[in-house]
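Undergrad: Under the numbering used here, the first residue of the sequence shown carries the number 3, and numbering increases by one thereafter. Note that the Cβ used here is the ideal one computed from N, Cα and C, for glycine as well. Here it is, the structure in full.
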Amino acid sequence: MKKVLLSACIFLTLFYTATAARKPQLFFCGRADNDLYLLLQKNGFNVKQYNNPADAIQAAAPGDAVFIVADGYPATLTATDTSILLTAKNKRIKVYTEYTATLPGIQVSKQPVNTQLERGVVLSRVFGSTLPPMSILGINDCHILPAEVKDPLIVLAKVAGFDKAAYGVADVRQYPLLFEQDNLLAGMTKLSSFATGRYGPQESWKVVWAYILERMTGRKDIHFSYWPSYVSPMYKEHEALPANAKQICVEKGITWFWHGHFFINPSWKELWRKYQGDGTNPVGPPLGQELPDGDGTSGLLEGHASRIAYDGKQQYRYWLRADVQGEAAFALAAAASLLDNKRYNDYARNLINFIFKGSNLAPAKDDTASAVHGLIGWSVTHPNEFYGDDNARAILGILGASAYMNTSEWNELAKEAIMANFNTTGIYGFRGNRLKEQDLLKQGKAWFAARDVVNPAPHFESWMWALYLWLYDKTGYEPLLNKTRTAIRMTMEAYPAKWKWTNGIQQERARMILPLAWLVRVENTPQHRQWLDTMVQQLLQHQAACGAIREELGPGQGKYGRTPSNKEYGLREAPLIFDNGDPVADMLYTSNFAYFSLNEAAHATGNIQYKKAVDKLGDFLIRIQVKSSRFKDLDGAWFRAFDYNRWDYWGSNADAGWGAWGTLTGWTQSWIVATQVLTSQNKSYWEETQTISIIPKKMTAKI
Numbered sequence: 003m004k005k006v007l008l009s010a011c012i013f014l015t016l017f018y019t020a021t022a023a024r025k026p027q028l029f030f031c032g033r034a035d036n037d038l039y040l041l042l043q044k045n046g047f048n049v050k051q052y053n054n055p056a057d058a059i060q061a062a063a064p065g066d067a068v069f070i071v072a073d074g075y076p077a078t079l080t081a082t083d084t085s086i087l088l089t090a091k092n093k094r095i096k097v098y099t100e101y102t103a104t105l106p107g108i109q110v111s112k113q114p115v116n117t118q119l120e121r122g123v124v125l126s127r128v129f130g131s132t133l134p135p136m137s138i139l140g141i142n143d144c145h146i147l148p149a150e151v152k153d154p155l156i157v158l159a160k161v162a163g164f165d166k167a168a169y170g171v172a173d174v175r176q177y178p179l180l181f182e183q184d185n186l187l188a189g190m191t192k193l194s195s196f197a198t199g200r201y202g203p204q205e206s207w208k209v210v211w212a213y214i215l216e217r218m219t220g221r222k223d224i225h226f227s228y229w230p231s232y233v234s235p236m237y238k239e240h241e242a243l244p245a246n247a248k249q250i251c252v253e254k255g256i257t258w259f260w261h262g263h264f265f266i267n268p269s270w271k272e273l274w275r276k277y278q279g280d281g282t283n284p285v286g287p288p289l290g291q292e293l294p295d296g297d298g299t300s301g302l303l304e305g306h307a308s309r310i311a312y313d314g315k316q317q318y319r320y321w322l323r324a325d326v327q328g329e330a331a332f333a334l335a336a337a338a339s340l341l342d343n344k345r346y347n348d349y350a351r352n353l354i355n356f357i358f359k360g361s362n363l364a365p366a367k368d369d370t371a372s373a374v375h376g377l378i379g380w381s382v383t384h385p386n387e388f389y390g391d392d393n394a395r396a397i398l399g400i401l402g403a404s405a406y407m408n409t410s411e412w413n414e415l416a417k418e419a420i421m422a423n424f425n426t427t428g429i430y431g432f433r434g435n436r437l438k439e440q441d442l443l444k445q446g447k448a449w450f451a452a453r454d455v456v457n458p459a460p461h462f463e464s465w466m467w468a469l470y471l472w473l474y475d476k477t478g479y480e481p482l483l484n485k486t487r488t489a490i491r492m493t494m495e496a497y498p499a500k501w502k503w504t505n506g507i508q509q510e511r512a513r514m515i516l517p518l519a520w521l522v523r524v525e526n527t528p529q530h531r532q533w534l535d536t537m538v539q540q541l542l543q544h545q546a547a548c549g550a551i552r553e554e555l556g557p558g559q560g561k562y563g564r565t566p567s568n569k570e571y572g573l574r575e576a577p578l579i580f581d582n583g584d585p586v587a588d589m590l591y592t593s594n595f596a597y598f599s600l601n602e603a604a605h606a607t608g609n610i611q612y613k614k615a616v617d618k619l620g621d622f623l624i625r626i627q628v629k630s631s632r633f634k635d636l637d638g639a640w641f642r643a644f645d646y647n648r649w650d651y652w653g654s655n656a657d658a659g660w661g662a663w664g665t666l667t668g669w670t671q672s673w674i675v676a677t678q679v680l681t682s683q684n685k686s687y688w689e690e691t692q693t694i695s696i697i698p699k700k701m702t703a704k705i
């Protein structure tokens, strides 16, 4: 008997020793185009593919690992049987499964919950110091199965914060996202779609998958030489740029208008109208790539919303705004000059004519006695509301396009638009954020011109001041200079404590540089140069070595500061950061406008430091331009957010309208593209538009 027992012990010892020494075999149940399967294959893992979980578990030996992924996500749950998973447990086979409602001993709902604002939040310390508890993971358009689980590794929850859940998770609904039990690792959504679904940040997801693979394979210190990604920056941070990088950038930036099919074609006008609605939520599914392009006569769509679907596609913003039309016309005409493609001028001309003739964006254009004559409406859904800033960018676009096309066709209309804004500007040069037609018709222009309003908000006021200075240079009409000089002085005296910043103070600094640069053009005094240098230095204090300009929350009177609670996340406009120091650049509100304005400042002063800052920022914008062969409607765009430490498209997506992954054919795309052209040609806008002639007659009569 003793010999028998001894023999049995020896056999078992040898068996388990052999099992432990044997490398685990990996079995994969799912399609060959799954992101996880590609990750395993291209990183040297030996993987056997199966179609049926039962077959894979039957074929597996003790110590092996079986991955069961959700091919039918989100419509179909992953089909597993509890008995199969128990068999795997008994055989000591490790299993990763996802999006299944049949888990041994765990209560799981068979009805998925579809979330949009929720993000993954790490609760466990198993991921190490690089992904500590409260770290945030992005999972777009997440469909998740609610489950009763103790001690999950990661939960899904709606939390505020940049990359950490700033207020914790105690006050929000939590859905277990990833947990482990015995031999089982379970994801309650499709975690294996990390590349297709564009989950982020990529470095954080690498940590998660390294942990999962270490648990499944028994290997330690897993690193990935290959990581699938379908949307990426054009160049790495320290990659040498080609000699023609600017030209490539401009060409990609302009052809993006066609990649996205943003020019409305009459054949799908009803589709546009359906999703634009009344303009309060003009968001809808992406346009089909088969749809024909328009030629600009019916206008240009706004771009992408910051909502990414589970398959990586991105929703569109179907709004038609006046500023976008003018800005895009400038970019198109500038690109026509650099790329020697005169076809772009035809589109630019059509967009400008759309503003003045082909839409309702120029109310009372034929009634010179009307209080709204000359003003440009906000959008086709809100033509009777007039933002000074939106008017300014539309007019600057029109004038820039005119200069590049060497035409005087819209000179008088542009002058009327500038003067219509000036004639409704108060005695100190401030106009306020927005005026409405009903108030203008009721009170009349003289009432508005007599107001003593003070509004130190450069985002809303300053680029119209720049236009007043531009027109003064052309006409010599003194009131334009006098009011503008007063407004600029009062604004600089109010800096920074009394500034009314919007999504951050950096955007206000970026916007203020343009009128200061042009004030130096018309009155080159020591004080005016000092004002300009103060603002440039304040902005450049936050320019990183890579050229990015870091966002910053300001003191005092911020309109949209950090999100005040988890509950408020995603309900209003918001910055991309949560705390000062978060390494994020904003291409919607700051970097785009800073690039244009700094170039004007550099040319106005000849300051070498300004020129170097322009070059650094320009290279940064070239590097982070979107590259994607899978999503053609994104290829060549710029997203609003970029985390320059991670070198990844990441930021707080709290903004209700224009979040981290939003694009904009006007504000973002057009100013970056046009300024790349200007810097390629070593020009400033001021110099380029010197050829424009404005007849000063009747200037006084219009007041």
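The beta strand (DSSP E) spanning I551 covers which residue range?
TA: On the sequence shown, position 549 is the one that residue 551 refers to. Segment: none, I551 is in no beta strand (DSSP E) and carries neither H nor E.
Undergrad: Helix, strand or coil, according to DSSP, for H306 in the structure here?
TA: Looking up residue 306 in the sequence shown gives position 304. Three-state result, H306: strand.
Undergrad: Mapping DSSP to helix, strand and coil, what is D342?
TA: In the sequence shown, residue 342 corresponds to position 340, counting from 1. If DSSP states are grouped into helix, strand and coil, D342 belongs with coil.
Undergrad: Determine the closest residue to W632 out of L155, T198, A72 and K561, with distance taken between C-alpha atoms.
TA: Here the question's residue 632 lines up with position 630 in the sequence shown. Trp is not the amino acid found at residue 632; the sequence shown has Arg there. Nearest Cα to R632 within the set L155, T198, A72 and K561: T198.
Undergrad: On a CA-only basis, which of S195, R433, L155 and K417 is nearest L186? Give me that one, please.
TA: Locating residue 186 in the sequence shown gives position 184, where the first residue counts as 1. Across the set S195, R433, L155 and K417, the C-alpha of L155 shows the shortest separation from the C-alpha of L186.
Undergrad: CA-CA distance, M537 and S111?
TA: Against the sequence shown, residue 537 aligns to sequence position 535. Against the sequence shown, residue 111 aligns to sequence position 109. Linking M537 to S111 through their CA atoms gives a straight-line distance of about 56 Å.
Undergrad: Can you tell me whether W449 is buried or exposed, with buried defined as 16 or more other CB within 10 angstroms of its CB?
TA: Here residue 449 is taken as the residue at index 447 of the sequence shown, counted from 1. Classification for W449: exposed.
Undergrad: Could you tell me whether the region 217-233 touches the region 672-691, where touching means 3 or more Cβ pairs closer than 8 Å?
TA: By the criterion of at least three beta-carbon pairs nearer than 8 Å, the region 217-233 is not in contact with the region 672-691.
Undergrad: Check whether the Cβ atoms of P203 and L41 lie closer than 9 Å to each other.
TA: Locating residue 203 in the sequence shown gives position 201, counting from the first residue. Locating residue 41 in the sequence shown gives position 39, counting from the first residue. Not a contact, by the Cβ cut-off of 9 Å.
Undergrad: From A603, G305 and S654, pick the residue whose C-alpha is nearest to that of N526; which is it?
TA: Here residue 526 refers to the residue found at position 524 of the sequence shown. Ranking A603, G305 and S654 by Cα distance to N526 puts A603 first.
Undergrad: What's the gap between the Cα of T691 and the Cα of D391?
TA: Taking the first residue of the sequence shown as 1, we reach residue 691 at position 689. Taking the first residue of the sequence shown as 1, we reach residue 391 at position 389. Going by the C-alpha atoms only, they are around 20 Å apart.
Undergrad: Anyone know if the C-beta pair for A662 and S593 falls short of 9 Å?
TA: In the sequence shown, counting from the first residue as 1, residue 662 sits at position 660. In the sequence shown, counting from the first residue as 1, residue 593 sits at position 591. Their beta carbons are not under 9 Å apart, which means A662 does not touch S593 by this criterion.
Undergrad: Restricting to Cα atoms, I'd like to know which of E292, I250, K254 and I256 is closest to S269.
TA: Sequence index remark: in the sequence shown, residue 269 carries index 267 (1-based). The option with the nearest alpha carbon to S269 is E292.
Undergrad: Assess, as a yes-or-no matter, whether the region 312-321 is touched by the region 632-645 under the definition of 3 or more beta carbon pairs within less than 8 Å.
TA: yes
Undergrad: On the CB-based measure, 16 or more other CB atoms within 10 Å of its CB, does A452 come out buried or exposed?
TA: Taking the sequence shown and counting its residues from 1, the one referred to as residue 452 is at position 450. Exposed, since its Cβ has fewer than 16 Cβ neighbours within 10 Å.
Undergrad: Could you check the C-alpha separation between Y201 and L573 for me, to the nearest Å?
TA: Numbered from its first residue, the sequence shown carries residue 201 at position 199. Numbered from its first residue, the sequence shown carries residue 573 at position 571. Going from the Cα of Y201 to the Cα of L573 covers about 22 Å.
Undergrad: Return the bridge partner residues of P235 from the DSSP annotation.
TA: The residue labelled residue 235 in the question sits at position 233 within the sequence shown. In the DSSP output, where bridge partners are listed per residue, P235 has V628.
Undergrad: Taking G549 and K618 to be in contact with their CB atoms under 8 Å, please state how far apart those CB atoms are, rounded to whole angstroms.
TA: Indexing the sequence shown from 1 puts residue 549 at position 547. Indexing the sequence shown from 1 puts residue 618 at position 616. Under the criterion of beta carbons closer than 8 Å, G549 and K618 qualify as touching, at roughly 4 Å.
Undergrad: Do you know offhand how far Y687's Cα is from E411's?
TA: As a first step, residue 687 must be located in the sequence shown, where it is residue number 685. As a first step, residue 411 must be located in the sequence shown, where it is residue number 409. For Y687 and E411, the distance between alpha carbons rounds to 19 Å.
Undergrad: In this structure, how does DSSP classify I95 when only helix, strand and coil are distinguished?
TA: Position 93 of the sequence shown, counted from the start, is the residue given in the question as residue 95. I95: coil per DSSP, three-state reduction.
Undergrad: If you draw a straight line from the C-alpha of E553 to the C-alpha of Y406, how long is it?
TA: Counting from one through the sequence shown, the residue named residue 553 turns up at place 551. Counting from one through the sequence shown, the residue named residue 406 turns up at place 404. Roughly 33 Å between the two C-alpha positions.
Undergrad: Going by DSSP, what residues sit across from L180 in a beta bridge?
TA: Stepping through the sequence shown from its first residue, residue 180 is reached at position 178. DSSP output for L180 lists I156 and G189 as bridge partner(s).
Undergrad: Do you know how far the Cα of W640 is from the Cα of Q671?
TA: Against the sequence shown, residue 671 aligns to sequence position 669. Against the sequence shown, residue 640 aligns to sequence position 638. Distance between the alpha carbons of Q671 and W640 is about 7 Å.
Undergrad: Anyone know if the C-beta pair for T486 and Y474 falls short of 9 Å?
TA: As a first step, residue 486 is located in the sequence shown; it is residue number 484 there, counting from the start. As a first step, residue 474 is located in the sequence shown; it is residue number 472 there, counting from the start. For T486 and Y474, yes; Cβs fall inside 9 Å.
Undergrad: As an exercise, report each continuous beta strand (DSSP E) stretch of at least 3 residues that is fully enclosed by the region 415-489, in chain order.
TA: Within the region 415-489, the complete beta strand (DSSP E) runs of at least 3 residues are 436-438.
Undergrad: Let me know the secondary structure DSSP gives L2 once reduced to three states.
TA: What the structure shows of the chain is the stretch from 3 to 705, and residue 2 is not part of that stretch, so it cannot be assessed.
Undergrad: How is the beta strand (DSSP E) around Q316 delimited, first residue to last?
TA: In the sequence shown, the residue the question calls residue 316 occupies position 314. Counting along the chain, the unbroken beta strand (DSSP E) around Q316 starts and ends at Q316 to R319.
Undergrad: Just to confirm my understanding: we take T565, look at its own chain, exclude 5 residues before and 5 after, and list those with CB closer than 6 Å. What are they?
TA: As a first step, residue 565 must be located in the sequence shown, where it is residue number 563. Contacts found: A162, Y571, A576 and A656.
Undergrad: Between K50 and the rest of its own chain, which residues show a CB-CB distance below 6 Å, the 5 nearest in sequence each way excluded?
TA: Here residue 50 refers to the residue found at position 48 when the sequence shown is read from its first residue. F29.
Undergrad: Please name the residue in A596, I420, S372 and D165 whose C-alpha comes closest to that of D441.
TA: Your numbering for residue 441 matches position 439 in the sequence shown. Closest by alpha carbon: S372.
Undergrad: If you drop the 5 nearest sequence neighbours on each side, which residues of the same chain put their C-beta closer than 8 Å to that of A496?
TA: Residue numbering aside, residue 496 sits at position 494 when the sequence shown is read from its first letter. If we look at A496 and ignore the five residues flanking it on each side, its Cβ neighbours are P458.
Undergrad: State the CB to CB distance for the pair L87 and P106, rounded to an integer number of angstroms; the pair is presumed to be in contact (CB under 8 Å).
TA: Taking the sequence shown and counting its residues from 1, the one referred to as residue 87 is at position 85. Taking the sequence shown and counting its residues from 1, the one referred to as residue 106 is at position 104. Right, the Cβ-Cβ distance comes to about 5 Å (below 8 Å), so this counts as a contact.
Undergrad: Any idea what DSSP makes of R706, helix, strand or coil?
TA: Any answer about residue 706 is impossible in this case: the structure gives the chain only from 3 up to 705.
Undergrad: Just to check my reading of the structure: G376 and N386 have Cβ atoms closer than 8 Å, yes? What is that Cβ distance to the nearest angstrom?
TA: Locating residue 376 in the sequence shown gives position 374, counting from the first residue. Locating residue 386 in the sequence shown gives position 384, counting from the first residue. G376 to N386, Cβ: 14 Å. No contact.
Undergrad: Grab the span of the beta strand (DSSP E) containing C31 for me, first residue to last.
TA: Here residue 31 is taken as the residue at index 29 of the sequence shown, counted from 1. Counting along the chain, the beta strand (DSSP E) containing C31 begins and ends at L28 to C31.
Undergrad: Out of curiosity, what's the CA-to-CA distance linking W520 and L534?
TA: The sequence position of residue 520 within the sequence shown is 518, counting from 1. The sequence position of residue 534 within the sequence shown is 532, counting from 1. Whole-angstrom Cα-Cα distance: 10 Å.
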